[in-house]
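Here the protein sequences come in this chain order: A and B. Residue numbers for the first sequence follow my numbering, beginning at 302 and rising by one. Residue numbers for the second sequence follow my numbering, beginning at 280 and rising by one. First comes the structure, then the notes that go with it.
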Amino acid sequence: MKEVNLTELEAAFQAKIDSEVRIEPKDWMPERYRKTLIRQISQHAHSEIVGMLPEGNWITRAPNLRRKQVLLAKVQDEGGHGQYLYSAMETLGHSRQQSMDDLISGKAKYSSIFNYPTLTWADIGAVGWLVDGAAIMNQVALCRTSYGPYARAMVRICKEESFHQRQGFEIMCVLMKGSEEQRAMAQDAMNRFWWPALMMFGPSDADSTNSEESLKWRIKRHTNDELRQSFIDATVPQAELIGLTIPDKDLKWNEARGHYDYGQIDWNEFKQVVSGHGPCNTERIAARKKAEEDGKWVREAAMAYAEKKKARKAS
Amino acid sequence: MSALNTYILRIADDSLILGQRLSELCGHGPAIEEDIALTNVALDLIGQATSLYEYAAEIQNGGKTSDDLAFLRLEHQYLNTLLVEQPNGDFGMTIVRQWLFDTFRLPFYEALQQSKDAQIAGIAEKALKETRYHWRHSSEWVIRLGDGTEESHYRVQEALNFLYKYVDELFYMDDIDKEMIEKGIGVDLESLRPAFNERLKHVLEASTLSMPAYEWKLKGGRVGRHTEHLGHILTELQYMQRAYPNLQW
């Protein structure tokens, strides 16, 4: 058998990436590529699952029958996204159980935005519009990511997310056309969610530790700052259209750049939230832990029953 | 209020209140697949309730909307059975409650499809398709948990022992039902008992669970006398409509 050395394998791998050939589960890949993907996909899957909590917080209090159904369907979609993403992650040899354990122990991260509370009905609008809107910027790019199962999961997810983003914006539109209290509620949600939404794109390029390699391997196709800028450019006109004020006094259109300039993001707040000190980190993890623990006897029973059934069939 | 209106509200309120209970669980299920499945059931139930409230609002013809009926009645004006307002408890309690309800709803909608009221028949036909899926799902879980581990068997048996006293109310009938049966609109619930009992027995056998040995029964929901739980359910359900009256959302 011909001995293939690591350098040759890596070169062949990079050549595939460069010629836009998707990497599939059985293909050889550098260990760091696998690890980076496991980290990113599991983080993404956890964000979907933890993201069900702040929105789920309003299902029982949704203001009318239609909104209740739309919100239930949305949160259910997020669960579905979590499910395909965990499956994509499993193709890299990392189990869902391991990944859940890592979430509960705090080892695995999820999007910092879900550590903010949903205090009013308008927050459900703001989450759909801004948070799903920011997520789409990332996810559209990920439909062309180099790892096949991840890219395919993202295609399906993106279709649903853009629907959620429109629904969120529609909630905000209705509020802005409503009473003074409703408009104030919408503006308050905007004030609280705008900056955390910008932080969703991650640290600025100068400080992003994982960016360079991810770009080389085409896991990522745009830098954090590029995606953040696209989000701002797309969202500011939408806010203006319905009469919401962006809570950034430095925000202004820069004719020369063809983009909006924006103020300084509070990276200290971001670091605090990512490292576990946001307003709801403890509550979110506690809720996941409780679901995991409360479900243990159920999962064990399902397994025991499946075993019994198999044994009966065999005999 | 007409008998037809009351008849519709009784069906609608069962769906709404159970849907509301299940939606409390969204994001907290024992596994993602189950979270998604229960949310789906909640969604179907709230969809059924919506169609029924729309029809009730139409026949009342008093300017009320389906949302007014769902969100703005007083506690004693809700006509759901006591079973559906019981707390979710552990997953065993949730699934046994669902299974008892689905086992009733299945023959109920089968019969209601034949209603002479075309709107009701149409709603029943659509709801029956959903209920078949719900029933299969909840029955399979009862079997799995009953015949799973010692712990799961104990938990579902306890849930059944607790909930069984609310089962009989599903078959509650009064003058409203009589009038609806005479008009060919409603279903004679007594006629559903054999099919209900047969289905129950089949699943109990497969799950190795036993029928509770007691005889007592509780009722009251169909005439607006509820357990302590309903007031709390409504506090959440109605919060926005009560805090911000007469607004569009």
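Don't be surprised by glycine CBs; every beta carbon is placed ideally from N, CA and C.
Quiz prompt | Where the alpha helix (DSSP H) through His382(A) begins and ends | solution = In the first sequence, the residue the question calls residue 382(A) occupies position 81. 366-391 is the span of the alpha helix (DSSP H), which, as asked, contains His382(A).
Quiz prompt | Cβ shell of Val363(B) (< 6 Å), same chain only, five flanking positions each side left out | solution = Within the second sequence, the letter at position 84 stands for residue 363(B). Excluding sequence neighbours, Val363(B) sits near Asp293, Ile296, Leu297.
Quiz item: From which residue to which residue does the beta strand (DSSP E) around Trp554(A) run?
Solution: On the first sequence, residue 554(A) is found 253 positions in, with the first residue counted as 1. Where Trp554(A) is concerned, the enclosing beta strand (DSSP E) stretches over 553-555.
Quiz item: Among all the DSSP beta bridges, which residues are the ones paired with Tyr561(A)?
Solution: Residue 561(A) sits at position 260 when you count from the first residue of the first sequence. Answer by DSSP bridge pairing, in chain order: Trp554(A).
Quiz item: Using a C-beta to C-beta distance shorter than 8 Å, which residues of chain B count as neighbours of Glu601(A)?
Solution: For the purposes of this step, residue 601(A) is taken as residue 300 along the first sequence, with counting starting at 1. Those are Gly427, Thr428, Glu430, Ser431, listed as they occur along chain B.
Self-check item: Run of the alpha helix (DSSP H) containing Phe350(B), from where it starts to where it stops
Solution: Residue mapping note: residue 350(B) aligns to position 71 of the second sequence, counting from 1. Phe350(B) -> alpha helix (DSSP H) spans 345-350.
Quiz item: Can you tell me the Cα-Cα spacing of Asp506(A) and Phe383(B), whole angstroms?
Solution: Mapped onto the first sequence, residue 506(A) falls at position 205. Mapped onto the second sequence, residue 383(B) falls at position 104. Roughly 60 Å between the two C-alpha positions.
Quiz item: With distances taken between CB atoms, is the gap from Met486(A) to Leu476(A) smaller than 8 Å?
Solution: To locate residue 486(A), count along the first sequence from 1; it is residue 185. To locate residue 476(A), count along the first sequence from 1; it is residue 175. Cβ distance < 8 Å, so Met486(A) and Leu476(A) count as in contact.
Quiz item: Taking the Cβ atom as the reference point for each residue, do Lys480(B) and Asp447(B) lie within a distance shorter than 8 Å?
Solution: Mapped onto the second sequence, residue 480(B) falls at position 201. Mapped onto the second sequence, residue 447(B) falls at position 168. Not a contact, by the Cβ cut-off of 8 Å.
Exercise. Grab the span of the alpha helix (DSSP H) containing Asn525(B) for me, first residue to last.
Key: The count along the second sequence starts at 1 and reaches residue 525(B) at position 246. Taken as a continuous stretch (DSSP letters only), Asn525(B) belongs to no alpha helix (DSSP H), as it is neither H nor E.
Quiz item: Using the C-alpha atoms, what's the distance from Leu354(A) back to Leu431(A)?
Solution: To locate residue 431(A), count along the first sequence from 1; it is residue 130. To locate residue 354(A), count along the first sequence from 1; it is residue 53. Taking the straight line joining both Cα atoms gives about 17 Å.
Quiz item: Cα-Cα, which of Leu516(B), Leu509(B), Glu430(B) is closest to Gly596(A)?
Solution: Here residue 596(A) refers to the residue found at position 295 of the first sequence. Checking every option, the nearest Cα to that of Gly596(A) belongs to Glu430(B).
Self-check item: Span separating the alpha-carbon of Gln393(B) from that of Lys343(B)
Solution: In the second sequence, residue 393(B) corresponds to position 114, counting from 1. In the second sequence, residue 343(B) corresponds to position 64, counting from 1. Looking at the two C-alpha atoms, the distance is approximately 28 Å.
Practice problem: Locate the alpha helix (DSSP H) running through Trp359(A), then write down its first and last residues. | Solution: For the purposes of this step, residue 359(A) is taken as the residue at position 58 of the first sequence. No alpha helix (DSSP H) contains Trp359(A), which DSSP labels as neither H nor E.
Self-check item: Selected residue, minimal CA-CA separation from Asp320(A), among Tyr451(A), Val574(A), Thr446(A), Arg585(A)
Solution: The count along the first sequence starts at 1 and reaches residue 320(A) at position 19. Going by the sequence as given, residue 320(A) is Ser instead of Asp. Measuring from the Cα of Ser320(A), the nearest candidate turns out to be Thr446(A).
Quiz item: Anyone know if the C-beta pair for Gly352(A) and Glu379(A) falls short of 8 Å?
Solution: Here the question's residue 352(A) lines up with position 51 in the first sequence. Here the question's residue 379(A) lines up with position 78 in the first sequence. Yes, the Cβ-Cβ distance between Gly352(A) and Glu379(A) is below 8 Å.
Practice problem: Evaluate contact between the segment 354-373 of chain B and the segment 439-459 of chain B, counting only Cβ atoms and requiring at least three cross-stretch pairs below 8 Å. | Solution: yes
Practice problem: Under 9 Å between beta-carbons, which chain B residues line up against Ile458(A)? List them in chain order, please. | Solution: Within the first sequence, numbered from 1, the residue matching residue 458(A) stands at position 157. What Ile458(A) touches in chain B: nothing, since even the nearest Cβ is about 14 Å away.
Practice problem: Could you name each continuous alpha helix (DSSP H) segment of 4 residues or more that falls completely within the segment 308-358 of chain B, going from the start of the chain to the end? | Solution: 311-339, 345-350
Quiz item: DSSP state of Ile262(A), grouped into three classes?
Solution: Coverage of chain A is limited to positions 302 through 616, which leaves residue 262(A) absent and any answer about it impossible.
Quiz item: For the alpha helix (DSSP H) that Phe494(A) lies in, which residues bound it at each end?
Solution: On the first sequence, position 193 is the one that residue 494(A) refers to. Residues 481-500.
Quiz prompt | Limits of the alpha helix (DSSP H) - the one that Ser512(A) falls within | solution = Within the first sequence, numbered from 1, the residue matching residue 512(A) stands at position 211. It spans 512-517 - the alpha helix (DSSP H) in which Ser512(A) sits, taken as one unbroken run.
Exercise. Consider the Cβ of Glu482(A): report whether some Cβ of chain B lies at a distance smaller than 8 Å.
Key: In the first sequence, the residue the question calls residue 482(A) occupies position 181. With 8 Å as the cut-off, Glu482(A) counts as an interface residue toward chain B.
Quiz item: In the segment 395-463 of chain B, which residue ranges form an unbroken alpha helix (DSSP H) of at least 4 residues, counting only runs that do not cross its ends?
Solution: 397-425, 429-442, 454-461
Quiz item: Taking 8 Å as the CB-CB cut-off, is Met372(B) touching chain A?
Solution: Counting from 1 along the second sequence, the entry for residue 372(B) is found at position 93. No - not a single Cβ of chain A is within 8 Å of the one on Met372(B).
Self-check item: Cβ pair count under 8 Å reaching 3, the segment 327-336 of chain B against the segment 358-370 of chain A
Solution: yes
Practice problem: For Glu515(B), return the contacting residues in chain A, with the cut-off set at a CB-CB distance below 9 Å. | Solution: Position 236 of the second sequence, counted from the start, is the residue given in the question as residue 515(B). In chain order: Thr361, Arg362.
Practice problem: Assign Lys375(A) to one of two classes, buried (16 or more other C-beta atoms within 10 Å of its C-beta) or exposed (fewer than that). | Solution: Residue numbering aside, residue 375(A) sits at position 74 when the first sequence is read from its first letter. Result: buried.
Exercise. For Tyr411(A), name the three-state secondary structure that DSSP assigns.
Key: Along the first sequence, read from residue 1 onward, the residue named residue 411(A) stands at position 110. Tyr411(A) falls in the coil class under three-state DSSP.
Exercise. Leaving aside the five residues before and after Tyr523(B) along the sequence, list all residues of the same chain whose C-beta is less than 6 Å from its C-beta, in chain order.
Key: The residue labelled residue 523(B) in the question sits at position 244 within the second sequence. Same-chain partners within the cutoff: there are none.
Self-check item: His307(B) burial status per 10 Å Cβ neighbour count (16 or more: buried)
Solution: Counting from one through the second sequence, the residue named residue 307(B) turns up at place 28. Result: buried.
Quiz prompt | Residue closest to Gly253(A), alpha-carbon to alpha-carbon, out of Ala587(A), His465(A), Cys459(A), Pro450(A) | solution = Residue 253(A) lies beyond the range of chain A shown here (302 to 616); nothing can be said about it.
Quiz item: Tyr448(A) bridges to which residues according to DSSP?
Solution: Here residue 448(A) refers to the residue found at position 147 of the first sequence. Per DSSP, Ile324(A).
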